Amino acid sequence: MARGEKVVRALYQQHGAALMAYANRLTGGRRAWAEDVVTQTLVRAAKARDLGEGVQARLWLFRTVQDVVGEGTDSVVPAAQRRQLAVADALLALPPRHRDVLVAPKAGATATKDAFVALHAFKDALAARGVTKSGLDDLLAERQQ
């Protein structure tokens, strides 16, 4: 068995389920596409020289999943749907306490402070996914039509 194949098998055993779940989420539940993304990620891992070990390898793998999905979305998913996926992914990435405040807001001074903190966390999560204010404005305009 070649070294690259051993690396891929070990990475898949350690991280395969998590990579698949993440790819599935990023591809909007399109399982076949998610499987292709994970496969491509592992192919790149076999060729990588700067993969590292442990947490560093896991971070590299997840970043590569994002890259592979991003490369595929340009040809597979329209821009409006990519923004929707990014917004949904950002919301799902929030801690449950922030997500709950945004989805089911409550009244009161403490709730206002919690909502402020949750909105800033959501804004940061959106920015990390490349969604800008103008992108959100476009998304809202499309929804109103």
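Quick note on the UniProt record's numbering: the sequence shown kicks off at 1 and runs consecutively. Positions of the beta carbon are idealized from the N, C-alpha and C atoms, including for glycine. In this text, all values refer to a predicted model and were calculated from it rather than measured experimentally.
Residue i versus the options, residue with shortest Cα-Cα distance
| i | options | result |
| --- | --- | --- |
| F116 | G72, Q13, R99, Y12 | R99 |
| P96 | T112, A107, T110, A118 | A118 |
| R129 | A111, P105, A88 | A88 |
Contact check, residue i vs residue j, beta carbons under 8 Å
| i | j | result |
| --- | --- | --- |
| A86 | L61 | no |
| Y22 | L42 | no |
| Q66 | L26 | yes |
| V101 | D114 | yes |
| H15 | R58 | yes |
| A32 | M20 | no |
| V68 | Q40 | yes |
For residue j and residue i, believed in contact at Cβ under 8 Å, the rounded distance
| i | j | result |
| --- | --- | --- |
| A121 | L94 | 6 Å |
| V131 | A90 | 7 Å |
Residue range of the unbroken alpha helix (DSSP H) whose run includes residue i
| i | result |
| --- | --- |
| V131 | No alpha helix (DSSP H) holds V131; DSSP gives it neither H nor E. |
| P96 | 96-103 |
| R49 | First-last for R49: undefined, no H or E at that position. |
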